[in-house]
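Peer 1: With mature numbering (1 follows the signal peptide of the UniProt record, and there is no 0) applied, the sequence shown covers -20 to -1, 1 to 755.
Every residue gets a Cβ at the ideal spot worked out from N, C-alpha and C, and that includes glycine.
First the structure, which I've put down as structure tokens, then a few questions once you've had a look.
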Amino acid sequence: MGNFSLICLSLFLFITATHQLQTSQTQVLLQLRKHLEYPKTLDAWNQSNGDLCYTPSSPSLSIACEGNSVTQLRIVGDKPVKDSNFNGFPLPGQTLSERFSLDSFITTLTRLSGLRVVCLVSLGLWGPLPEKIHRLYSLEVLDLSSNFFYGSIPPKISAMTKLQTLTLDSNFFNGTVPDWFDSLSNLTFLSLKNNQLTGPVPNSVGRIKNLTDLALSQNHVSGAIPDLSGLSNLEVLDLRENRLSTGLSNMPRSLVTVLLSRNSLADEIPKEYGELLRLQHLDLSFNLLHGTPPSSLFSLPNISYLNLEYNQLTGSLPKGLHCGNSLGYVDISTNRLTGVLPSCLSSGGDKRVVKYGGNCLSDSPAHQNEASFCKEASKGIKESRHKGIGALVAVICGVVVVMFLLALVLLLFCRRYCSRGIAEQHLLPKAQSANTPTGFSSELLANARYISQVKLGTQGLPVYRLFSLEELNEATNNFDRSSYLGNGSTGKLYKGRLENGAYVAIRCLALFKRYSIRNLKLRLDLLSKLRHPHLVCLIGHCIDGSYDDTSINRVFLVYEYVPNGNLRSQLCDSNLDKVLKWSERLSILIGVAKAVHFLHTGIIPGFFNNRLKANNILLDEHCVAKLSDYGLSIITEEIDKLEAKAEGHKSSLPEKQAQTWHWKNLQDDVYSFGLILLETLVGGTVSEKEEAFVLNEMASSFSSHDGRQKIVDPIVLATSCEESLSIVISITNKCISPESSVRPSIEDVIWNLQYAAQVQAAADGDQKADMGPEP
């Protein structure tokens, strides 16, 4: 009996201790949720009945427990992907609030000492990553991608010897690439993509014996690629879009994917690359490689993708070149290759895509250069190599002279211009309006420059490029009616699918044959630089016509495809599941306002008259607003000018009117945005015929509560608080004022909308608290 009592007591103490430990772990998880400011992803914990280990797993949340410890924690938030505002810092709403303390968050996280897997993605975490992260000594997987960490990668991570996977992609880590990764003896996957790391790739990377994947792309890494031949398990090497130079190093034979495009790699492609028998994907495009590519590259047994585009490759490929059975894509275009195109590259049919334009191939005259071009280029490359040492000495001597001259010029420049800098800013609009109605002279276009620090190429968007008409015909099935999306004010719009499977929207503009190609290319160059999270990205163009100034027929603008319709269709949708609540409408409006602000201030000269309409505001799959049809006024105004000239009208405005174009155009965008605000409030299309009526109704109705009930969308009334709604109504009235001088700046509009969103968020939080926890 005594033994039985002892056993029962021991069992009771064990159960009690277990319960206390589980409660402790639960409290840590709930504290983490508080640190993260209660993201929607963690709402599932409200239905967990207290035991978070049994929360159903989803792509955005999973948690695993063993015994009494949490071993895995995966949280994927909905914060916007990495981007920057004009000062290089995150935009409001992209990160957690100023109250967030990364140090406190990591301290709390390390209390889950049994963690083996931690994935915290797109949660808006910001700040320098604390050294104490190494207290998670049992960690095997650490993924902190798509946040806003900055500073150096903590050296104490080197003490986490059990770490197998380290992913820190899409953050703002800077400094040099750490030299201690070889101390992580179990590391197999290392990815530091899309950060701001500098310096060389350290030689110690070549000593991480178990490494299978190495990704350092989209950084500022420079110097030579270290010897990686000792990494016998390495399968994926991704060093794209850096500043790597010199030649190609020795590579391990285990490689399956090698991505080295958009660097400054020189020298010849080593013959040893033709011995990488497992290689499937090789991209060496946009470098400075020369010599003749090894024939064995094309015949590798597993090679399926080979891209050597835009290098300085010379010589000719053998006629009897053998292509591997798996080879499906080859790009040798824009090089200096001569001779004939081997039969295995010219007779692939539907099985193989081959691009070879921009060379000097004798049997393929289409899109080829004259043979003399490639011979001279090849000769120049050889001579430059022989003269390399002499040139280096000359450069060193020249640098000393240039530095002296620059100092002298800088001194003279400051004396002459610095004191007049502020005054010259006021003269800018006058200079802009010298030649054209909208103020875009050819000289100004040619010298246009950024004043913004918004990064080109937001995450996931391709680099701007030229398209051939053949590519666009193939993408749209020769512009078949099935690909037709509509006919807007600036030409027909088609949906296409590129060779890589990406969907695009293609706008066709019909132009006068006398349109200046130089002027057109300057304007397209400006449009190509407009990259912002809330703009539909222009990813390329195609000019249909010959290369003189008198035969341009059409220009095709190729945009990213945004799949979820436009704001107007969403406002008119009667489906209750798709209806936009007030907080969602505010988020969309704030995004569009930020895009307009960028168009006005992100580049000199700014972009005005941006066709702001609710049906030009597209929504992606996450309901993020993207403005389309922006900036086209700089193209269409040239057409209008030519039409006016053809009809005998003057092509320039009176001097007094030209001096006010900048303010008038800017205010036109504010007025148009006011109409979008109005449409968002009333919940339906505000046509030009109805505009005057609705404006009059607003003036008389919005001043009283009963009046609002008559005109405001019932969904807005049901999902908004009175203060938030009043703020937006007030700024809307100002935007659509008949007097342009009364209208606010776009900065004021953004501030008011963000304030209205904060007020609404606070009201929603109070309402949720009053309702109490869900049963």
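1. Pick out whichever of S306, D343, D311 has its Cα sitting closest to the Cα of T318.
2. Could you give the residue range of the alpha helix (DSSP H) that holds P694?
3. Please report how far the alpha carbon of T88 lies from the alpha carbon of E255, in whole angstroms.
4. Whole-angstrom Cβ separation of I726 and A573, contact assumed at under 8 Å?
5. Going by other Cβ atoms of all chains shown within 10 Å of its Cβ, with 16 needed for buried, is H602 buried or exposed?
6. Check for me: the beta strand (DSSP E) holding K55 runs from which residue to which?
7. Smallest Cα separation from V729: which of I709, Q74, G745?
8. Do V238 and L217 have their CB atoms nearer than 7 Å?
9. Given 8 Å as the limit, is there contact between the segment 103 to 114 and the segment 78 to 85, that is, 3 or more CB pairs closer than that?
10. I'd like the ranges of any beta strand (DSSP E) spanning at least 3 consecutive residues and lying wholly in the segment 126 to 203.
11. Between the Cα of L235 and the Cα atoms of Y290, F278, N282, which residue gives the shortest distance?
12. Thinking C-beta only, is N127 closer than 7 Å to D149?
13. Use the C-beta contact count for residue 818: other C-beta atoms within 10 angstroms, 16 or more gives buried, fewer gives exposed.
14. Roughly how far, in whole angstroms, is the beta-carbon of residue 786 from the beta-carbon of L592, given that I think they are within contact range, below 8 Å?
15. Grab me the residues of Q27's own chain with a C-beta within less than 6 Å of its C-beta, minus the 5 sequence neighbours each way, in chain order.
16. Among residues of its own chain, excluding the 5 on either side of N199, which ones have a beta-carbon nearer than 6 Å to its beta-carbon?
17. Thinking just about the alpha-carbon of each residue, which of L697, S163, L280 is nearest to the one in R258?
18. Assuming A114 is part of the beta strand (DSSP E), what are its boundary residues?
19. So what does DSSP say about G471, is it helix, strand or coil?
20. Kindly provide the ranges of any beta strand (DSSP E) runs that are 3 or more residues long and lie completely inside the segment 233 to 289, ordered along the chain.
21. Three or more C-beta pairs closer than 8 Å, one from the segment 551 to 570 and one from the segment 717 to 724: is that the case here?
22. In the DSSP assignment, find the beta strand (DSSP E) that holds L598 and state where it starts and stops.
23. Is it buried or exposed, P543, if we count other Cβ atoms within 10 angstroms and call 16 or more buried?
24. Which of the three DSSP states is assigned to F578 in this structure?
25. Among E450, K475, G471, F447, which has the Cα closest to the Cα of D460?
26. In chain order, what residues of the same chain have a beta carbon less than 6 Å from the beta carbon of R54, not counting five sequence neighbours either side?
27. I need the boundaries of the beta strand (DSSP E) containing Q292, first residue and last residue.
28. State the Cα-Cα distance for the pair W106 and A736, rounded to the nearest angstrom.
29. So, for L408: in the same chain, excluding its five sequence neighbours on each side, which residues have a beta-carbon less than 7 Å away from its beta-carbon?
30. Using CA atoms only, rank isn't needed, just tell me which of I568, F587, G586 is closest to N595.
31. For H521, does the three-state DSSP call read helix, strand or coil?
32. Can you give me the start and stop residues for the beta strand (DSSP E) that residue 757 sits inside?
33. Quick check: F169 and T141, are their CB atoms within less than 7 Å of each other?
34. Nearest by alpha-carbon distance to C522: which of F587, C552, F447, L167 is it?
35. Tell me where the beta strand (DSSP E) around A490 begins and ends.
36. For S4 and S40, what's the separation of their Cα atoms in angstroms?
Peer 2: With the given structure in hand:
1. Taking the sequence shown and counting its residues from 1, one reaches residue 318 at position 338. Minimum Cα distance to T318 is reached at D343.
2. As a working mapping, residue 694 is identified with position 714 in the sequence shown. Taken as a continuous stretch (DSSP letters only), the alpha helix (DSSP H) holding P694 covers 694 to 699.
3. Here residue 88 refers to the residue found at position 108 when the sequence shown is read from its first residue. Here residue 255 refers to the residue found at position 275 when the sequence shown is read from its first residue. Each residue's alpha carbon lies about 50 Å from the other.
4. Stepping through the sequence shown from its first residue, residue 726 is reached at position 746. Stepping through the sequence shown from its first residue, residue 573 is reached at position 593. With 8 Å as the limit, I726 and A573 qualify as a contact, their Cβ atoms being about 6 Å apart.
5. Translated into the one-based positions of the sequence shown, residue 602 becomes position 622. Flag for H602 reads exposed.
6. Indexing the sequence shown from 1 puts residue 55 at position 75. Just to set this straight, residue 55 is Ile in the shown sequence, not Lys. Unbroken beta strand (DSSP E) run through I55: 49 to 56.
7. One-based indexing of the sequence shown puts residue 729 at position 749. Among I709, Q74, G745, the Cα nearest to that of V729 belongs to I709.
8. For the purposes of this step, residue 238 is taken as the residue at position 258 of the sequence shown. For the purposes of this step, residue 217 is taken as the residue at position 237 of the sequence shown. Their beta carbons are under 7 Å apart, which means V238 touches L217 by this criterion.
9. yes
10. 128 to 131, 145 to 147, 169 to 171, 193 to 195
11. For the purposes of this step, residue 235 is taken as the residue at position 255 of the sequence shown. Here the closest residue by C-alpha is N282.
12. Position 169 of the sequence shown, counted from the start, is the residue given in the question as residue 149. Position 147 of the sequence shown, counted from the start, is the residue given in the question as residue 127. It is not a contact, given that the beta carbons lie outside the stated cut-off.
13. A question about residue 818 goes unanswered here, because the residues of the chain that appear run from -20 up to 755.
14. Coverage of the chain is limited to positions -20 through 755, which leaves residue 786 absent and any answer about it impossible.
15. Here residue 27 is taken as the residue at index 47 of the sequence shown, counted from 1. Cβ neighbours of Q27 beyond the five flanking positions: none.
16. One-based indexing of the sequence shown puts residue 199 at position 219. Only N175, L177, N222 meet the Cβ criterion.
17. Indexing the sequence shown from 1 puts residue 258 at position 278. Checking every option, the nearest Cα to that of R258 belongs to L280.
18. Position 134 of the sequence shown, counting from 1, holds the residue named residue 114. At residue 114 the sequence reads His, which differs from the Ala that was named. Premise fails: H114 is in no beta strand (DSSP E) and is neither H nor E.
19. As a working note, residue 471 is residue 491 in the sequence shown. DSSP places G471 in strand when its eight states are reduced to three.
20. 237 to 239, 261 to 263, 285 to 287
21. no
22. Position 618 of the sequence shown, counted from the start, is the residue given in the question as residue 598. Its beta strand (DSSP E) spans residues 597 to 599.
23. Mapped onto the sequence shown, residue 543 falls at position 563. That one is exposed.
24. Taking the first residue of the sequence shown as 1, we reach residue 578 at position 598. Three-state result, F578: helix.
25. Translated into the one-based positions of the sequence shown, residue 460 becomes position 480. It is K475.
26. The count along the sequence shown starts at 1 and reaches residue 54 at position 74. Cβ neighbours of R54 beyond the five flanking positions: S42, C99.
27. Taking the sequence shown and counting its residues from 1, one reaches residue 292 at position 312. Segment 292 to 296, the beta strand (DSSP E) holding Q292.
28. Here residue 106 refers to the residue found at position 126 when the sequence shown is read from its first residue. Here residue 736 refers to the residue found at position 756 when the sequence shown is read from its first residue. Using only the alpha carbons, I get a separation of about 25 Å.
29. The residue labelled residue 408 in the question sits at position 428 within the sequence shown. Legend: pLDDT at L408 = 30, less than 50; position of this residue unreliable, no value from coordinates given.
30. As a working mapping, residue 595 is identified with position 615 in the sequence shown. Of the candidates I568, F587, G586, the one whose C-alpha sits nearest the C-alpha of N595 is I568.
31. Within the sequence shown, numbered from 1, the residue matching residue 521 stands at position 541. Three-state result, H521: strand.
32. No statement about residue 757 is possible, as the shown extent of the chain runs from -20 to 755 and does not include it.
33. Taking the first residue of the sequence shown as position 1, residue 169 is located at position 189. Taking the first residue of the sequence shown as position 1, residue 141 is located at position 161. No, they are not a contact pair.
34. Within the sequence shown, residue 522 is the residue found at index 542, counting from 1. That would be F447, whose Cα lies nearest to the Cα of C522.
35. Within the sequence shown, numbered from 1, the residue matching residue 490 stands at position 510. Where A490 is concerned, the enclosing beta strand (DSSP E) stretches over 483 to 490.
36. Position 24 of the sequence shown, counted from the first residue, corresponds to residue 4. Position 60 of the sequence shown, counted from the first residue, corresponds to residue 40. Taking the straight line joining both Cα atoms gives about 24 Å.
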